[in-house]
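Numbering (our numbering), first residue to last: 144 to 628.
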């Protein structure tokens, strides 16, 4: 009798895990706790595959705001419990693919998914040429796990769920609690801007991550209010409260990305299609390159400083483009040009995923460094660390031109999918996802957060929703009480 490929694969995995267990218990007893955690993730992944992603994925989303950063060993940290759940879901997706490959039929025939695979392959190749192989392997594993868990798990959730907007119900509850805690803590310091980077702990590493999280969720809050007439006012009050929290958090990049995303959604609402979106974006990009020297001169001539004690709202707004008097912007410029020089040094392979923060120092120039610049990767004061402060330049410098082009193509194809859905049928959920996705792609010009589960999920989740909605050939019901027609 022939053994099925499915049964053989599952048996092989079980045998490998058993061999690992025996080996570790025999030779590496000091790693027993880590191994038990690994086995828990594997067991949970198998269980998730059987009980259904529509039942488990909301638990992950629920846990995101309340997850805290815990030290594991040395410099290693863990977002608990969200990263444990992410790892379990990623393994669950893998097991589900072995058990029921037909469930992924609507996923692997989409161009953006293959461009994501191509991006991960290009990133894996760059690992082979890394300056720090251990760091790069870890960074690549994180990228891959996030892609599998958030895109694969999100796809399976949206495919099964009849009310996808309810995915965020639990998150709104936990986020409300966290927002109140952060607001109360910030109020103790009279909402001073200087402490905004600290009061978000332990839930968010800094105020920029918190702000980016809020920008994605705010449209979802108003979406929920539009769908639930019985509790409309609750969601509207919550939405404006979160907008107030966003303003107080003092992240100019988040505010700018929010405004651009709302403008984008408005243009789409009034008939902007993908063709004209590409034309407008392309023309804007070419004009910026053509006038880059004059734009740089203008940025250096602006004297507004958002960090000044008596800075007005006008000063804070204008300072977004100032690199002469605004230290944070000047340091961003320093990091950007370092990333570009790194790309010029290794244009095809990059320096390896996760290595920027360790290798960019020789690429700095004295005349571009600022009072908050650093010259070594260790013992960095809070607010002075980070990497390239630009997701696109970070990928370019760490993984090379092929990975960067793949990533940009993935984003453009996701936009094309969103336009297809919105133009085929009115869909409030699609608009909310479009606003969130646009805010993240714009914010990625100023910060890089795709190595953080609390933000990476919002890069892949819209992609999963757009793919699923089109695969069904009809928009999933958002609420049984409200028609989307």
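A virtual CB, placed ideally from N, CA and C, is assigned to each residue, including glycine.
Query: Beta-bridge pairing of residue 211 - partner residues as DSSP gives them; Result: 223
Query: Contact between the region 260-275 and the region 469-488 (3+ Cβ pairs under 8 Å); Result: no
Query: Cut-off 8 Å between Cβ atoms - residues of its own chain near residue 564, not counting five sequence neighbours on either side; Result: 570, 573, 609, 612, 613 and 618
Query: Collapsed DSSP secondary structure at residue 507 in the structure displayed; Result: coil
Query: Cβ-Cβ distance between residue 348 and residue 212 below 8 Å; Result: yes
Query: Pair within 8 Å by beta-carbon distance, residue 335 and residue 586; Result: no
Query: Limits of the alpha helix (DSSP H) - the one that residue 249 falls within; Result: Run containing residue 249: none; DSSP gives neither H nor E here.
Query: Cutoff 8 Å: residue 502 Cβ touching any chain B Cβ; Result: Absent from the structure: chain B. Only one protein chain is present.
Query: Simplified DSSP assignment, three categories, for residue 306; Result: coil
Query: Residue 245 versus residue 257 - alpha carbon distance; Result: 17 Å
Query: As assigned by DSSP and simplified to three states, the class of residue 356; Result: helix
Query: Pairwise C-alpha distance: residue 415 and residue 203; Result: 34 Å
Query: Given residue 580 as reference, the closest of 208, 360, 287 and 291 once Cα atoms are compared; Result: 360
Query: Inter-residue Cα distance where the pair is residue 403 and residue 410; Result: 11 Å
Query: Segment contact flag, the region 294-303 with the region 229-241, C-beta cutoff 8 Å, min 3 pairs; Result: yes
Query: Cβ pair count under 8 Å reaching 3, the region 300-309 against the region 317-324; Result: no
Query: Presumed contact (8 Å Cβ cut-off) between residue 352 and residue 597, rounded CB distance; Result: 6 Å
Query: Bounding residues of the alpha helix (DSSP H) (the contiguous stretch that carries residue 407); Result: 395-412
Query: Buried versus exposed call for residue 230 [16 or more other C-beta atoms within 10 Å across all chains shown]; Result: buried
Query: Beta-carbon proximity of residue 477 to residue 530, cut-off 8 Å; Result: no
Query: Contact set for residue 365: own chain, Cβ-Cβ below 6 Å, skip 5 residues either direction; Result: 382
Query: Contact belief for residue 503 with residue 537 at Cβ below 8 Å, rounded distance in angstroms; Result: So it is not a contact: roughly 10 Å between Cβ atoms.
Query: Residue 358 versus 539, 401 and 491, residue with shortest Cα-Cα distance; Result: 401
Query: Bounding residues of the alpha helix (DSSP H) (the contiguous stretch that carries residue 382); Result: 375-392
Query: 8 Å Cβ cutoff met for residue 645 and residue 315; Result: Residue 645 lies beyond the residue range present for the chain, which begins at 144 and ends at 628; the question has no answer from this structure.
Query: Residue 625 versus residue 510: straight-line alpha-carbon distance, rounded; Result: Unreliable placement is indicated for residue 625, whose pLDDT of 38 sits below 50; the coordinate value is still reported in the next sentence. Approximately 60 Å, taken between the alpha carbons.
Query: Assigned exposure category for residue 179 - 16 Cβ within 10 Å defines buried; Result: exposed
Query: Whole-angstrom distance between residue 559 and residue 417, CA atom to CA atom; Result: 6 Å
Query: Pair within 8 Å by beta-carbon distance, residue 255 and residue 583; Result: no
Query: The alpha helix (DSSP H) enclosing residue 331, as first and last residue numbers; Result: Element bounds for residue 331: n/a, residue is neither H nor E.
Query: CB contact flag (residue 533, residue 588, <8 Å); Result: yes
Query: Beta-carbon gap between residue 495 and residue 272 smaller than 8 Å; Result: yes
Query: Whole-number beta carbon distance between residue 282 and residue 497, since they are thought to touch under 8 Å; Result: 3 Å
Query: Three-way DSSP call (helix, strand, coil) for residue 568 in this model; Result: coil
Query: Rounded distance between the beta-carbons of residue 232 and residue 199, thought under 8 Å; Result: 7 Å
Query: 8 Å Cβ cutoff met for residue 405 and residue 578; Result: yes
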